[in-house]
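Enquirer: The structure's right below; bear with me while I get my questions together.
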Amino acid sequence: MVGSETERRYYSNRMARIYLVAIEDVIGSNGVAAVLRLAKLGHLIGNYPPDSLDREFSFEDFAAINQAVQEVYGPQGAKGLCQHAGRATLKYTVTDGGLMADLPDAAFKLLPPGAKVKVGLTTLAKSVADFSDQEAYVVENEEHLVFVVEQCPECWGRSSDGPICHGTAGMLQEALHWLSDSQEFTAVETECVARGDDVCTFTISRKAAEEGPEGHSATGSAEDAALDDGST
Ligand SMILES: [Zn+2]
């Protein structure tokens, strides 16, 4: 189930650039240079892709960077670094009016958190297609919203025993934080193409609510995230 060898897909230069800059913020330019050398992308050392929306950064190269981060820093280190980079990717594309630009303003702001999350992630899924050759959509089961990524740039051609798309998880975490004005929601990767699943999926749920002094939950049940459509 790895990316087809005959198929070339591309990420936008800007998203790859933000991702590399965010990694550099943590491990420094020498750290990134080591990662890029290991990924056989030495030409990118000190020469990150331009800040443009052109789709010119191949999924192969993006996956190779993530693979090299994992080889250098180990699974846990890679998880932290790639989540950080994914968060930055969303944050800076949001502030640039990028990934979430299509969200309706006033009406959207009035929605309850669960509905905002649903509308927001659906918008995000559509707009990643404008920024890359990635395809994504949101589905809803009885209990959760699920963010599905087909043709995932992060694990393209890679194989692993478990989920490894930490950058996308970080991007979703940042989106959830931004959409719900809180840290109430989590995104956990539950399927990954790298370990043989058909698609990469991220299950969105509310964090377990803390018991308040009155003994009932301060937030809602997990169902609210999926079923609260904001209709009044
Ligand atoms: Zn993936």
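Those letters in the sequence shown? Residues 5 to 236, per the working numbering, in order.
Yeah, the Cβ is synthetic: ideal placement off N, Cα and C, and Gly gets one too.
Predicted model, so just to flag it, every value in this text is computed and none were measured.
Under a Cβ-count criterion, where at least 16 other Cβ atoms within 10 Å of its own Cβ denotes burial, should P117 be classed as buried or exposed?
Expert: In the sequence shown, the residue the question calls residue 117 occupies position 113. By the 10 Å Cβ count, P117 comes out buried.
Enquirer: Let me make sure I understand the geometry here. Which of A20, L115, E154 and D55 has the alpha-carbon closest to that of L68?
Expert: In the sequence shown, residue 68 corresponds to position 64, counting from 1. What sits at residue 68 in the sequence shown is Ala, not Leu. The candidate whose alpha carbon is nearest that of A68 is A20.
Enquirer: Residues bridged to I208 by DSSP?
Expert: To locate residue 208, count along the sequence shown from 1; it is residue 204. I208 pairs with L149 and A191.
Enquirer: Within the same chain, show all residues whose beta-carbon is closer than 6 Å to that of S16, passing over the 5 residues directly before and after it, in chain order.
Expert: Taking the sequence shown and counting its residues from 1, the one referred to as residue 16 is at position 12. L57, R59, F135 and S136.
Enquirer: Mapping the DSSP letters down to three states, classify E158 as helix, strand or coil.
Expert: Taking the first residue of the sequence shown as position 1, residue 158 is located at position 154. Three-state DSSP puts E158 in coil, outside helix and strand.
Enquirer: Decide if V73 is buried, meaning its Cβ has at least 16 other Cβ atoms within 10 Å, or exposed.
Expert: The residue labelled residue 73 in the question sits at position 69 within the sequence shown. It counts as buried.
Enquirer: Where does S184 fall in DSSP's three states?
Expert: Walking along the sequence shown from the start, residue 184 turns up at place 180. Here S184 sits in helix by DSSP.
Enquirer: Out of curiosity, what's the CA-to-CA distance linking D185 and P167?
Expert: Taking the first residue of the sequence shown as position 1, residue 185 is located at position 181. Taking the first residue of the sequence shown as position 1, residue 167 is located at position 163. Going by the C-alpha atoms only, they are around 27 Å apart.
Enquirer: Where does A140 fall in DSSP's three states?
Expert: Position 136 of the sequence shown holds residue 140. Three-state result, A140: strand.
Enquirer: What would DSSP say about R13, mapped onto helix, strand or coil?
Expert: The residue you call residue 13 lines up with position 9 of the sequence shown. Note: R13 maps to coil in three-state DSSP.
Enquirer: Measure the CB-CB distance between C156 and Q138 and report whether it falls below 8 Å.
Expert: Within the sequence shown, residue 156 is the residue found at index 152, counting from 1. Within the sequence shown, residue 138 is the residue found at index 134, counting from 1. Yes.
Enquirer: Start and end of the alpha helix (DSSP H) containing S131?
Expert: Residue mapping note: residue 131 aligns to position 127 of the sequence shown, counting from 1. Here the alpha helix (DSSP H) through S131 covers P117 to F135.
Enquirer: Whose CA, out of E11, N51, R12 and V197, lies closest to the CA of R18?
Expert: As a position in the sequence shown, residue 18 is number 14, starting the count at 1. Per the Cα distances, N51.
Enquirer: Start and end of the beta strand (DSSP E) containing R199?
Expert: As a working note, residue 199 is residue 195 in the sequence shown. It is not in any beta strand (DSSP E) - R199 carries neither H nor E in the DSSP assignment.
Enquirer: Note down, in chain order, each residue of its chain lying with its Cβ closer than 8 Å to the Cβ of E28, except the 5 sequence neighbours on either side.
Expert: Within the sequence shown, the letter at position 24 stands for residue 28. Excluding positions up to five away in sequence, the list reads G35 and V36.
Enquirer: Tell me the DSSP bridge mates of F61?
Expert: Within the sequence shown, residue 61 is the residue found at index 57, counting from 1. Paired residue(s): Y15.
Enquirer: Are the CB atoms of E158 and G174 within a distance shorter than 8 Å?
Expert: Along the sequence shown, read from residue 1 onward, the residue named residue 174 stands at position 170. Along the sequence shown, read from residue 1 onward, the residue named residue 158 stands at position 154. Their beta carbons are not under 8 Å apart, which means G174 does not touch E158 by this criterion.
Enquirer: Considering just the uninterrupted stretch of the alpha helix (DSSP H) at K113, what are its terminal residues?
Expert: Residue mapping note: residue 113 aligns to position 109 of the sequence shown, counting from 1. Taken as a continuous stretch (DSSP letters only), the alpha helix (DSSP H) holding K113 covers A110 to K113.
Enquirer: Round the Cβ separation of R162 and Q87 to the nearest angstrom and send it over; I've been treating them as touching at under 8 Å.
Expert: Translated into positions along the sequence shown, residue 162 becomes position 158. Translated into positions along the sequence shown, residue 87 becomes position 83. Wrong, their Cβ atoms sit about 17 Å apart, outside the cutoff.
Enquirer: Where A191 and G46 are concerned, what is the direct C-alpha to C-alpha distance, given to the nearest angstrom?
Expert: Within the sequence shown, numbered from 1, the residue matching residue 191 stands at position 187. Within the sequence shown, numbered from 1, the residue matching residue 46 stands at position 42. Answer to the nearest angstrom: the Cα atoms are 33 Å apart.
Enquirer: At a threshold of 7 Å, does E64 count as lining ligand 1 (C-beta to nearest heavy atom)?
Expert: By one-based count along the sequence shown, residue 64 stands at place 60. For ligand 1, not one heavy atom lies less than 7 Å from the Cβ of E64.
Enquirer: Assign P54 to one of three DSSP states: helix, strand, or coil.
Expert: Position 50 of the sequence shown, counting from 1, holds the residue named residue 54. Coil at P54, not helix or strand.
Enquirer: Is it the case that the CB of A198 approaches a heavy atom of ligand 1 more closely than 7 Å?
Expert: For the purposes of this step, residue 198 is taken as the residue at position 194 of the sequence shown. Yes - ligand 1 has a heavy atom lying nearer than 7 Å to the Cβ of A198.
Enquirer: Do you know offhand how far G84's Cα is from T207's?
Expert: For the purposes of this step, residue 84 is taken as the residue at position 80 of the sequence shown. For the purposes of this step, residue 207 is taken as the residue at position 203 of the sequence shown. Computed Cα separation, rounded: 19 Å.
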